[in-house]
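Quick note: the sequence shown uses full-length UniProt numbering, first residue 1, plus one each step.
One structure is given here, and the rest of the page talks about it.
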Amino acid sequence: MTINLKSLTIILSLFMPVLFESTVFAQGNLMKEVSIGEIKQQRMGSVLDKIASKGDFYFAYNNKTIPADSIVSISGYRGTLFSLLDKLLGESYEFKEVPGYIVLRHAPGKLYITVEVDKDPGKQTVIKGYVKDVLTQKELTQASVYEKNLLISTLTDDRGYFELKLKNWNGSLLISVTKENYRDTSLYVLPVVNVDARHNNRKYKYYPDEGSENGVEHSRFARFFISSKQLIQGMNLGNFFASNPYQISLTPGLSSQGMYNSQVIDHFSLNLLGGYTAGIKGFEAAGLFNINRKNVSFFQVAGIFNVVGGSVSGFQAAGIYNHVLNNSTGVQIGGVLNKTNHFTGALQAAGVANIDEQASGLQIAGVINSVDNFNGGVQIAGVFNNVESFNGGVQIAGVFNAGQKSKGFQLAGLFNWSTEQSGAQFATLFNVSKKVKKFQFGLVNVADSSDYPIGIINFIKNGEKSFSLSTDETLLTHLDYRSGGRVLYGLIGAGYKFDNNTQAKYALNVGFGAHVVNSRRFSLNGEYVEQMITDLKKKFYQISSFRVLPGYKLNKLLVIYAGPTFNITSADVSDDAKINGWILNRHISNNKMTALNFGITGGLQFVW
1 MTINLKSLTI ILSLFMPVLF ESTVFAQGNL MKEVSIGEIK QQRMGSVLDK
51 IASKGDFYFA YNNKTIPADS IVSISGYRGT LFSLLDKLLG ESYEFKEVPG
101 YIVLRHAPGK LYITVEVDKD PGKQTVIKGY VKDVLTQKEL TQASVYEKNL
151 LISTLTDDRG YFELKLKNWN GSLLISVTKE NYRDTSLYVL PVVNVDARHN
201 NRKYKYYPDE GSENGVEHSR FARFFISSKQ LIQGMNLGNF FASNPYQISL
251 TPGLSSQGMY NSQVIDHFSL NLLGGYTAGI KGFEAAGLFN INRKNVSFFQ
301 VAGIFNVVGG SVSGFQAAGI YNHVLNNSTG VQIGGVLNKT NHFTGALQAA
351 GVANIDEQAS GLQIAGVINS VDNFNGGVQI AGVFNNVESF NGGVQIAGVF
401 NAGQKSKGFQ LAGLFNWSTE QSGAQFATLF NVSKKVKKFQ FGLVNVADSS
451 DYPIGIINFI KNGEKSFSLS TDETLLTHLD YRSGGRVLYG LIGAGYKFDN
501 NTQAKYALNV GFGAHVVNSR RFSLNGEYVE QMITDLKKKF YQISSFRVLP
551 GYKLNKLLVI YAGPTFNITS ADVSDDAKIN GWILNRHISN NKMTALNFGI
601 TGGLQFVW
């Protein structure tokens, strides 16, 4: 026997919402007996955490609507969890139980739904009706009305009116209504008295918020491509998501899943221009863009950009831009820019920039890598790397590396800059750090503490600096400046020969040295020095010297030193280079002269 559908749905609308809410509450953890002792002046959030820790679930709520920071006191309680929550929060809140979670939601309002069914044999069925406020009888606009098993949904208009269109409908329907600040209400629509017990209910999963301001709904860039109706639908329906084998979209608003696409996690998604889904577990491709509310796994590619509100694992590529609001693992390739919260994986590559809060692995950018914390791997940038904390690995930049501290190896075309600690720094021009654990290699090195600076000029705060006046077997008088750390130092100086019969009487000295012995009275240094001798016109020749320099400390500031040198002189025959000292070998070939000789050097050094 059949019953008039219009009459049936009107009758059901009066009592089904209450029946449905009761069945939601009267199950699982909400109806379990809990017992807590006296609680004095504690945060409600801490109390909820203690309750959850005793059960096999978590509380999920929005800090903006649940007073988690309010102070509560309880003299003691024994009863159901539902009654305790009602006592803590009051009747303006709704409690939902889903696997692993109890969702707390501020819902002071109550609504009801009236439904009519228009069925045209052989064509489509239209479910239509109104949604109103229980107390004021006012029509509610922009309330989400949906059938979650069929993945169809709509929003009510300014009159609270809605329509859902179905093809080949013969079973029962569970019509649900959701709106912010209102309690959820559901209503069964039955075509006949006998309900189809074999109806296949679609499985839903709850995903808690990972931050109240974290999601594509809060991204100005992503919101530009999402209609206001879709955003409202997502806010109304919240974090309950269904799964589906596939979806096809022309644009985010024209999808095989209609406006319900923001609540569906698909295994295959094809977006001809662009798409907006809850997430992907499988494959997604778009001609222009993909936007996903939650997680994406395995494979995603877009002609222009991908924006993911959750995390990505697997392969992600975009012609211009990838933006992952949480974590990304695997391979991420952006034609211009990649931006993530935390990247860990095999490769992150961008034509211009990678921007992350945390990253590890291999990171390559044409211009810049900007990371708050890089936790190990290799970072390569065409221009510069800007990392607040570089916690290990190798950092390579065409121009410079900059950050607060670096525990790894920094290599830069021009300079490295670290305001705190660094491991090893290598640059053609200069390195700057507060404390260097290993070594610095550059023309100029600056540090508070660096035992192994390899540079011509070193400004090491706790290192040794000196000026020396000396002469050697060439009879040049040298004024040299030595600067460095506890072990290594650099040398730069100039020389002049007080001899009117000599044309090449000017010299420039650069070199490196090491403190072999540095005791209270004696010192022993080893040096390698390049001398360029010239007349400032045409004559020019070079002497490479290896020196062993023992010294005696007259006091804390003055050291007298002298020692042997082994020299290699390279010059054109026309330069008329003067070889002094003990000549071991002289060789001339193709107008080039090379000579080996021993010599001696010594002088007085002023040290501070």
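Ideal Cβ placement from N, Cα and C applies to all residues, glycine included.
Rounded C-alpha distance that separates residue i from residue j
{"i": "Phe439", "j": "Trp608", "result": "22 Å"}
{"i": "Ala350", "j": "Asn416", "result": "22 Å"}
{"i": "Asn29", "j": "Asn306", "result": "39 Å"}
{"i": "Ile460", "j": "Gly603", "result": "24 Å"}
{"i": "Leu173", "j": "Asp118", "result": "14 Å"}
{"i": "Ser545", "j": "Ile320", "result": "55 Å"}
{"i": "Val134", "j": "Lys110", "result": "6 Å"}
{"i": "Gly314", "j": "Leu347", "result": "11 Å"}
{"i": "Gly100", "j": "Gly55", "result": "10 Å"}
{"i": "Leu140", "j": "Ser176", "result": "14 Å"}
{"i": "Leu155", "j": "Gln233", "result": "7 Å"}
{"i": "Leu491", "j": "Pro453", "result": "12 Å"}
{"i": "Ser519", "j": "Gly563", "result": "18 Å"}
{"i": "Ala571", "j": "Asn597", "result": "14 Å"}
{"i": "Leu150", "j": "Thr344", "result": "38 Å"}
{"i": "Tyr276", "j": "Glu420", "result": "44 Å"}
{"i": "Ile39", "j": "Ala60", "result": "22 Å"}
{"i": "Asn386", "j": "Lys50", "result": "42 Å"}
{"i": "Ile304", "j": "Val336", "result": "10 Å"}
Residue j beta carbon less than 9 Å from that of residue i
{"i": "Asp448", "j": "Leu475", "result": "no"}
{"i": "Leu104", "j": "Tyr93", "result": "yes"}
{"i": "residue 677", "j": "Ser574", "result": "The first residue shown for the chain is 1 and the last is 608, placing residue 677 beyond what the model contains."}
{"i": "Gln395", "j": "Asp372", "result": "no"}
{"i": "Lys465", "j": "Ser450", "result": "no"}
{"i": "Arg482", "j": "Ser468", "result": "yes"}
{"i": "Leu270", "j": "Gln247", "result": "yes"}
{"i": "Ser389", "j": "Gln404", "result": "yes"}
{"i": "Asn326", "j": "Gly310", "result": "yes"}
{"i": "Thr565", "j": "Ile588", "result": "no"}
{"i": "Ser328", "j": "Ala353", "result": "no"}
{"i": "Val115", "j": "Ile74", "result": "no"}
{"i": "Phe522", "j": "Ile533", "result": "no"}
{"i": "Phe512", "j": "Leu558", "result": "no"}
{"i": "Thr125", "j": "Lys87", "result": "no"}
{"i": "Gly393", "j": "Gly413", "result": "no"}
Residue i - containing alpha helix (DSSP H), residue span
{"i": "Phe522", "result": "Unbroken run through Phe522 is the beta strand (DSSP E), Phe522 to Thr534; no alpha helix (DSSP H)."}
{"i": "Phe415", "result": "Here Phe415 belongs to no alpha helix (DSSP H); instead the beta strand (DSSP E) covers Phe415 to Ser418."}
Helix, strand or coil at residue i according to DSSP, with G and I counted as helix
{"i": "Asn590", "result": "coil"}
{"i": "Leu30", "result": "helix"}
{"i": "Val387", "result": "strand"}
{"i": "Phe221", "result": "helix"}
{"i": "Val487", "result": "coil"}
{"i": "Leu475", "result": "coil"}
{"i": "Ile543", "result": "strand"}
{"i": "Gly45", "result": "helix"}
{"i": "Leu596", "result": "strand"}
{"i": "Gly603", "result": "strand"}
{"i": "Val216", "result": "helix"}
{"i": "Lys407", "result": "coil"}
{"i": "Val371", "result": "strand"}
{"i": "Gln395", "result": "strand"}
{"i": "Leu151", "result": "coil"}
{"i": "Asn462", "result": "coil"}
{"i": "Asn164", "result": "Rather than Asn, the amino acid found at residue 164 in this sequence is Leu. The answer is strand: DSSP assigns Leu164 an E or B state."}
{"i": "Gln137", "result": "coil"}
Any non-hydrogen atom of the ligand ZN within 8 Å of residue i CB
{"i": "Asn306", "result": "The model depicted lacks the ligand ZN and carries no ligand whatsoever."}
Closer than 9 Å to chain C by CB, residue i
{"i": "Ser406", "result": "Of the protein chains in this structure there is only one, and it is not chain C."}
Residue range of the unbroken beta strand (DSSP E) whose run includes residue i
{"i": "Ile175", "result": "Leu173 to Thr178"}
{"i": "Thr185", "result": "Thr185 to Val189"}
{"i": "Ala504", "result": "Neither: Ala504 is in no beta strand (DSSP E) and is coded neither H nor E."}
{"i": "Arg159", "result": "Counting along the chain, Arg159 falls outside any beta strand (DSSP E), and DSSP gives it neither H nor E."}
{"i": "Thr147", "result": "Note that residue 147 corresponds to Glu in the displayed sequence, not to Thr. Element bounds for Glu147: Ser144 to Glu147."}
{"i": "Phe498", "result": "Neither: Phe498 is in no beta strand (DSSP E) and is coded neither H nor E."}
{"i": "Gly361", "result": "Ala353 to Ala365"}
>> For a minimum of 3 consecutive residues, which ranges assigned as the beta strand (DSSP E) are wholly contained in the stretch 297-351?
In response: Taken in chain order, the complete beta strand (DSSP E) segments of 3 or more residues contained in the stretch 297-351 are 305-308, 312-318, 321-334 and 337-350.
> Which runs of the alpha helix (DSSP H) spanning at least 4 residues fall entirely within the stretch 51-129, listed in chain order?
Replying inline: The stretch 51-129 contains these whole alpha helix (DSSP H) runs: 81-89.
> Enumerated in chain order, which unbroken segments of the beta strand (DSSP E) with a length of 3 residues or greater are wholly contained in the stretch 225-306?
Replying inline: Contiguous beta strand (DSSP E) elements confined to the stretch 225-306 occur at 240-251, 264-271, 274-277, 279-286, 289-292 and 296-302, taking only those with 3 or more residues.
> Curious, which full-length beta strand (DSSP E) runs of at least 3 residues does the stretch 551-583 contain?
Replying inline: As far as the stretch 551-583 is concerned, its whole beta strand (DSSP E) runs of at least 3 residues are 558-572.
> Can you list, in chain order, the stretches of the alpha helix (DSSP H) that have 4 or more residues and sit fully within the stretch 415-459?
Replying inline: DSSP runs (the alpha helix (DSSP H)) wholly in the stretch 415-459: none.
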